[in-house]
Amino acid sequence: MSTITAGHVAGIDIGGTKTRIVLARAHDGTVVEDRTVPSTGWQTRSLPDAAGWLVERLTTVPERIAVGAHACETPEQCERLAEELRGRLSTAVSVVNDAELLVPAAGFEHGVGVVAGTGSIAVGRHRDTGAYLAAGGWGWVLGDEGSGSALVREAARAVLAHADEGGAPDPLEKALLTAFDAPGLPELAAVMSWDGGVETWGRHAPVVFAAADGGSGLAAAVVEEGGRALAALVGRLAARGARTDAVVVAGGVIPARPRLFTAFARALADRLPGTDPVLLDAPPVRGALALALRTEEGRR
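So, in C-alpha cells, the structure goes:
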C-alpha cells in the first residue's frame, strides 16, 4: 500500500459509529471505490494510534486525502493528525472536524454546518481569515443544545419544575416515566442523575416529540426552545465573523423531526433574516470528497 495511486483522491468520513471511504478520479470526480467500515477502535486520545487505525483501513493511497474526523475538536488537533498521516502515507492529507463536511456535502463553498443528533455543534469559518469557528458541542450534561440528549434533559427539567409549581400532570410526565421505567418523579430524577442515565438520554428523544405531537404543552415548549438554542449557535458564529452563505443541518435527530427543524428555521430567520437552513440530503463523506477535489483543482 506504499505506492501512491496517481490521478486519484479520497474523501473519508470517520463517524462515531461508522467510517466511509470514497476514492475518486481527480480529473472528473468519478467514484471508483466506496466502502463503509465500523469505527470500532477509533479515538483521538493518541493521534499516532489514530493515524495507524486509519492507515490500516485504506486499500490504496491516492494523491490527496481529505478526512472529516469525529472527536478531532480543534484545528491544532486536526493538523497533528494530518501530519501523522502524511508521515505514514507520503501523500497530501488534510483533516477537519467531521461537522465541517456538511457544507461542502450540500454543494456550498462557504457556510455553517449544524449537527443535531445525540449531541449538537455548529461550525464554520471566519469570513476574512478563514479561521475555524465552533459553538456548542460541550457535552450532554453542560450543553449540546437542541440535541436528542439535551431535549430529554430539558423535558425532565420542565416536568420537574411543573410539578414544583403544583401543575396538573402533563402527558410528557407519563411519557418520560415510561421511557425510563421510573414509578415516579423522584425515581426519574434519580435514574437520570445517578444511575448511568446520561449516556442513554438521547435514545429517549422520540418520546418528547411524540408527547408534543400528542398535545403536551410542556413537550412542545421544549422542542421550540431546542430549535431556538440551535439557531443561537449559528447566531454566535455569525457574531464572531463566520460566513453564513449557507446553513446546512444534519444529524440523527433534526432531519427526521419536522417540528424541531421548523422551530430552528423560524428562530434562525429572526436572528439572521434571509437565512434559510438546508437539510443535508447527501452523505457527509461527499463533503470530504469535495474538499479533496477542491484542493486538487486548486493545484492545477
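Residue numbering for the sequence shown is 21 to 320, as defined by the numbering used here. Heads up, the beta-carbon is just placed ideally off N, CA and C, and yes, glycines get one too. Just so we're clear, the structure is a prediction, and the values are computed from it rather than from any experiment.
Check: Whole-number beta carbon distance between A142 and E104, since they are thought to touch under 8 Å; Outcome: The pair is not a contact, with the Cβ atoms about 27 Å apart (cut-off 8 Å).
Check: H90, DSSP secondary structure in three states; Outcome: coil
Check: S114 and A155 closer than 8 Å at C-beta; Outcome: no
Check: Cα-Cα separation, D190 to P278; Outcome: 22 Å
Check: Nearest-angstrom Cα separation, counted from P95 out to R223; Outcome: 30 Å
Check: With 16 other Cβ atoms within 10 Å as the buried cut-off, status of S140; Outcome: buried
Check: Contained alpha helix (DSSP H) runs [length at least 4] in the region 102 to 147, N- to C-terminal order; Outcome: 122 to 125
Check: Those residues which DSSP pairs with R17 across a bridge; Outcome: Since the first residue shown for the chain is 21 and the last is 320, residue 17 is missing from the structure and cannot be characterised.
Check: Classification of P304 by the beta-carbon crowding that lies within 10 angstroms, buried from 16 upward; Outcome: buried
Check: Close-in-space but distant-in-sequence residues of the same chain around E99 (CB under 8 Å, 5 per side omitted); Outcome: V115
Check: DSSP three-state assignment for P226, whether helix, strand or coil; Outcome: helix
Check: Of the listed residues P58, G27, C92, I274, nearest to E76 (C-alpha basis); Outcome: P58
Check: Spatial neighbours of A91 in its chain, beta-carbon cut-off 6 Å, leaving aside the 5 residues before and after; Outcome: T64
Check: Distance CB(A262)-CB(G144) smaller than 8 Å; Outcome: yes
Check: CB contact flag (P82, H28, <8 Å); Outcome: yes
Check: Neighbourhood of T56 by C-beta, 8 Å cutoff - its chain only, sequence neighbours within 5 removed; Outcome: K38, T39, R40, I41
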